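Heads up: the structure comes next, in structure tokens.
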Amino acid sequence: GPSRVLLRLHRRILWAAGAAAVAAIVCMIAVAILADRAVADLAGTGCTLSSLTEACFQPARNYTDRMLGLSRLLGYAGLALIALPTLVGAFVAGPMTAREWEAGSIKLSWTQSAPPSAWLTARLAVLAVPVVGGIVVLSAVLTWSRSRLAYPFPAL
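Shown next as structure tokens:
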């Protein structure tokens, strides 16, 4: 039906979007691992953030700098996740639907066995299902990664 045709027509974009989602997941997991390493490095020095000895000032600063940088990365990932539905909507409104109206191929699509409502439903569902699923997975990984940057800082 129309869904299969759309998947075949836009397979490169869908594969690229899937690869970008996997890359984002890998980056968020890497941030969580780096946060765990920062906690272990601070704990390995025997210092805490509230230590008053001069030898602990630099390890505490290094720790807070690393955690702040990682927190910023996850903040940008969260902003990108907020913008993702808008970008997908622009892609659906532009290249996926307007191109057929412009080229006149929509008349051919509507003369096939599927009614116009099925054509529009297929257009919207082909991207809505993977986008919603991807956003759910990306949100879960982002939430998990943010939990690795737990505040208050350890060893207070």
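Throughout the sequence shown, residue numbering follows our numbering, covering 1015 to 1170 in sequence. Ideal placement from N, C-alpha and C gives every residue a C-beta, glycine not left out. Because the structure is a prediction, the values reported are computed rather than measured.
Exposure of residue i, with buried meaning 16 or more beta-carbon neighbours within 10 Å
i	result
residue 1148	buried
residue 1133	buried
residue 1046	buried
residue 1082	exposed
residue 1088	buried
residue 1130	exposed
residue 1146	exposed
residue 1101	exposed
residue 1154	exposed
First through last residue of the alpha helix (DSSP H) which encompasses residue i
i	result
residue 1110	Counting along the chain, residue 1110 falls outside any alpha helix (DSSP H), and DSSP gives it neither H nor E.
residue 1097	1071-1105
residue 1064	Unbroken run through residue 1064: none, as it is neither H nor E.
residue 1128	Element bounds for residue 1128: n/a, residue is neither H nor E.
residue 1021	1016-1023
Among the options, nearest to residue i - alpha-carbon criterion
i	options	result
residue 1076	1055, 1067, 1086	1055
residue 1016	1143, 1137, 1150	1137
residue 1057	1073, 1042, 1080	1073
residue 1152	1062, 1018, 1031, 1024	1031
Contacts around residue i, its chain only, beta-carbon distance under 6 Å, and the 5 residues preceding and following it disregarded
i	result
residue 1078	none
residue 1085	1163
residue 1020	1136, 1140
Beta-carbon proximity list for residue i, same chain, < 8 Å, skipping 5 on both sides
i	result
residue 1107	none
residue 1022	none
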